[in-house]
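To start, the structure under review is shown below, and the notes come after it.
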Amino acid sequence: MTDPALLKVPTNHSPHYAPVIDPTLSIGVRAQVVAARTWLGPAA
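So this is what it looks like as C-alpha cells:
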C-alpha cells in the first residue's frame, strides 16, 4: 500500500467503518440468495 489515501480507509472492525446502506445491503442479500439457490439446487 503505497497510496496514503488507502491508510485512511477504516477496516471492518473499526468504529469508523460505516458502509453506505444501499447498495451494500441489496448486494449482500442478492449474494446470499445466489449462494443459497446454488447450494440447494434447481429443485428448491
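2 is the number that this note's numbering gives to position 1 of the sequence shown; each next residue is one higher, with no gaps.
C-beta: ideal position from N, C-alpha, C; glycine also.
Coil, strand or helix - residue i by DSSP
| i | result |
| --- | --- |
| D23 | helix |
| T39 | helix |
| A6 | helix |
| A44 | coil |
Beta-carbon gap between residue i and residue j smaller than 9 Å
| i | j | result |
| --- | --- | --- |
| T12 | Y18 | yes |
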